[in-house]
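Quick notes on the structure that follows.
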Amino acid sequence: MQEQEPAELVRPQGIVLDWARPALRTEYERFTGKRVDGQGWSQALMIWDALQSEVCEGNTAFVEHLNTSQRNSLRLLVDFWTAQYVHESVPKVLRRAMTLQAAGNPMEEINQQPQFSTFDDYSTAMYQLFGFEFLGADKSGQAVQDTRIAAARTAACQRIAFETYRQHAPEELVRSQLANNLYRSQAQLAGDHNLGATLAYLQRSDNDLPVGGTIEACPWLTEGKRKGLPHYLWDIHQRRTVRVEGLSNEVTYVFVSHTWGRWKRSDVPYVSIPGVPWPVPRNTRFDVESMPEALESQAEMFMPARYIWLDLFCIPQDRSPLAKQEIANQAAIVGRAYRAVAWLNYVEDWSGLSFALQLLASFWLDSESLDGESIGHIIRYALRRNSLPTNARLWSGFSHNNDVLKPHFHEFESSDGWFTSLWTLQELYLRPDMLLCNRSWEILKMPSGMPLTFDTILAVNWCARERVNTAESNQHLEDLLVLLMCSGLDPLLDPNPLDPLLLGSRRHCSERRAEAIMSVIGATDWYKEVTDPEQHLVVNQYAVEFLRELSCFDNVFLRRDDGIIQLAVAGTMFPFDAREPDSKSLLWGGTSDSHDHTSVASWWIADDGRVMMPEFGIVASTESELDEGLDQTLVADVVLPSGDSRECQMETDANLHQRLRDLAPSFMKHAICIRESGRGICKGVILMEIKTDPFDDAPTRYAKFGDFRVSQPDQIQDIETWEVGEWEVY
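First residue of the sequence shown: 903, per the working numbering; consecutive thereafter.
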């Protein structure tokens, strides 16, 4: 008998997969209504200078209007032009190159001049960023956003490498090559003096922290998901939980991320703590009764905030409506905090990590040389000469296989808490600029005192790890590289709402997994209605109501040893798996100006994770009726499972129809569109029919078997929608 769609099911909008932000030039002209005369680099430089003049005169309306990605991009450019972490001659030379281009000199001739022939990776990234932001209006929003993402990574790594250079290079070298101070408020600026006013304004409004490795946290979250304040906060000085609505002044608080759930003691009753309105569970990791005193002793570290948000003291430890409200409000609670810190109560000190980061950053500078010797090598020599004794291991109790390429994840999980928790994964995505504190609440900093955000650590790892010479590495650096590889947090630098679901499959959560991750994805409405979040779990992981609200089936391909799909397991359309937590991968992120195909609105999810498809858009098929009239020469990128490897095979510019015919010829297969754009670009999934009893009247059964993307414009005009009764996709 055919399964019926739930009568009460409301079609969700799904999560947003397109969050491109316009270029600064476009935004400036739109906001001010000004059109600057000229063209090319001449016009770009005039707009840039006009923007700086406005800020210098006290007109900050445009800067205040910018969204996070645009504002951070502006900060990256201002940092570069004022030589915050590059020798001051570099931006001057680059400005000269732009001026020559504005005067009509071809770039090919400019590059032949010695002073313009070689720029480091950081300068090149900033040059590209400036061009995408101010040069041409023909760049797509997605192309601009991708350039910002890459620039933020590069700049964060450059900042740490620059600081390491200043700290450890010979004094005479620093004087001759890097005479400027890293964080000067008064300096010889590499360009218009108006830049100084912009820099000072941005530094003040950014809480004196530079842009980290992530250009914007969770850009898919709507303003409605980011609004609101916590119901409770912890008053550090009064040592008590207070209601936020009773506070008269503007509330400034620090969010504290930590783990305790899997060490909760079930053999003792909850404890009453003075100032906390509810009993608090004990755990074996730290003494919760001593927390009020410990937090007050660190009041100076939390300044200028008087309050902190700590789950044990700010969420009632029950299943009350208020507790559920606060759990669903995590995007606002974490995102609106003045600062976010992670309390890693199992780490004794930061000496090992600080040394490892400086060593890693030195490899970033290997491409630069002085008198024929690598600058990175000079720094590593100084590091080995000047380093103090450090812990034998980076993390207390951290262990891994000596083969860095094959870490033992489960062994890693058993010895670590914060890096393997599902709850902290959500918090990191909401605040990638999180600072790290050890057991004694000491913040991880560079030797100069510059605090290090988590996304900065990721950026250094991303940019420099491929340059590491193992002969010059050490145990601290190996520990760091393995830790970051095991945690799988690289996607944090280019975030996508599906990544937390993928990474979440590898994270620990004793129960109610959807609660631990729903806020970062922006799917919390289901939580207000459901009475038992654990009643219907898809592949024993996430509540089906949560997945229905997501309504997203995009960009996830399946990895199998042999490509065989078992009927006993549903969920092939989702980015998680019950049997193999790391067996699915994300590809082809959000595309500018793309949208769901109209047929996707008809799909719904059964309680066991099957996706029911009453309608679908056919791009290619092995069934003659569905394939009739379709372009048989259609070219696409295709991802399909390999029969002899855990990795999938990706084939570019393949004939999509021919690939469907060649793949398992005895099975019916269809290429179904999920997302499309007005330029004739589309992407979707390849479904393969599962053989069933021919006399069974059950719906036709399919399993997702691969992915495809048509990336060449104008290959497809209209994708026809077919009504088929109902297909079951396992």
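C-beta atoms are modelled at their ideal positions from N, C-alpha and C, and glycine is treated no differently.
- Taking the Cα positions, Gly1608 is about 6 Å away from Val1587.
- For the pair Val1370 and Leu1002, the Cα-to-Cα distance works out to about 38 Å.
- Take Tyr1024, set aside five residues on each side of it, and the residues of its chain with a beta-carbon closer than 7 Å to its own are Val988, Thr1056, Ala1057, Gln1060, in chain order.
- The way I'd put it, the segment 1147 to 1158 doesn't touch the segment 1109 to 1129; fewer than three beta-carbon pairs between them come closer than 8 Å.
- His1133 is a Cβ neighbour of Glu1228, given a cutoff of 7 Å.
- Taking all protein chains in view, the Cβ of Lys1127 is crowded by 16 or more other Cβ atoms within 10 Å, so the residue is classified as buried.
- Straight through space, the alpha carbons of Thr1322 and Cys1339 are spaced by roughly 17 Å.
- Annotation: the continuous beta strand (DSSP E) that includes Leu1135 extends over 1134 to 1137.
- The DSSP assignment places 1427 to 1431, 1446 to 1452 as complete runs of the alpha helix (DSSP H) inside the segment 1416 to 1458, in order along the chain (cut-off: 4 residues).
- Per DSSP, reduced to three states, the secondary structure at Leu1261 is helical.
- Membership of Ile1576 in the beta strand (DSSP E) is indicated by the continuous run 1571 to 1579.
- A residue is called buried once 16 or more other Cβ atoms fall within 10 Å of its Cβ, and Leu947 is buried on that count.
- Of the candidates Glu1374, Pro1183, Asp1510, Leu1386, Asp1510 places its Cα closest to the Cα of Met1475.
- Beta-bridge partners of Met1514 (DSSP): Trp1506, Glu1630.
- Taken through DSSP and simplified to helix, strand or coil, Ile949 comes out as helix.
- Below 8 Å, enough C-beta pairs join the segment 1332 to 1348 and the segment 1229 to 1247 to call them touching: three or more.
- In the structure shown, the three-state DSSP call for Gln1200 is coil.
- For Cys1584, the CB contacts under 7 Å within the same chain, skipping 5 residues up- and downstream, are Val1521, Cys1575, Arg1577, Glu1578, Val1612, Ile1618, Ile1621 in chain order.
- An exposed status is given to Ala963, since fewer than 16 other beta-carbon atoms sit within 10 Å of its beta-carbon.
- Distance from the CA atom of Ala1361 to the CA atom of Glu1630, rounded to whole angstroms, is 42 Å.
- Per DSSP, the unbroken beta strand (DSSP E) holding Val1587 starts and ends at 1584 to 1591.
- Per DSSP, reduced to three states, the secondary structure at Leu1394 is helical.
- In this structure, the beta-carbon distance from His1378 to Ala1258 falls below 7 Å.
- In this structure, the beta-carbon distance from Phe1036 to Trp950 falls below 7 Å.
- The Cβ-Cβ distance between Gln1437 and Phe1478 does not fall below 7 Å.
- Just so you know, the alpha carbons of Gln945 and Arg973 end up roughly 21 Å apart.
- Rounded to whole angstroms, the gap between the alpha carbons of Ala1230 and Glu1451 is 14 Å.
- Contact between Arg1581 and Asp1533 is ruled out by a C-beta separation of about 16 Å, above the 8 Å threshold.
- In this structure, the beta-carbon distance from Trp1252 to Ala1366 does not fall below 7 Å.
- Under the three-state reduction of DSSP, Asp1555 is assigned to strand.
- Non-local C-beta neighbours of Ala1418 in its own chain, meaning closer than 7 Å and more than five positions away in sequence, comprise Leu1324, Trp1325, Gln1328, Cys1411, ordered along the chain.
- Here DSSP, grouped into helix, strand and coil, assigns Pro1194 to helix.
- One Cα belongs to Met1193, the other to Cys1216, and the distance between them is close to 13 Å.
- Scanning its chain for C-beta atoms nearer than 8 Å, with the 5 sequence neighbours on each side dropped, one finds around Glu1431 the residues Glu1447, in chain order.
- Closest option to Asp1357, judged by alpha-carbon separation, among Leu1382, Leu1330, Leu1383: Leu1330.
- Pairwise C-beta distances place the segment 1552 to 1559 in contact with the segment 1534 to 1543, as three or more of them are shorter than 8 Å.
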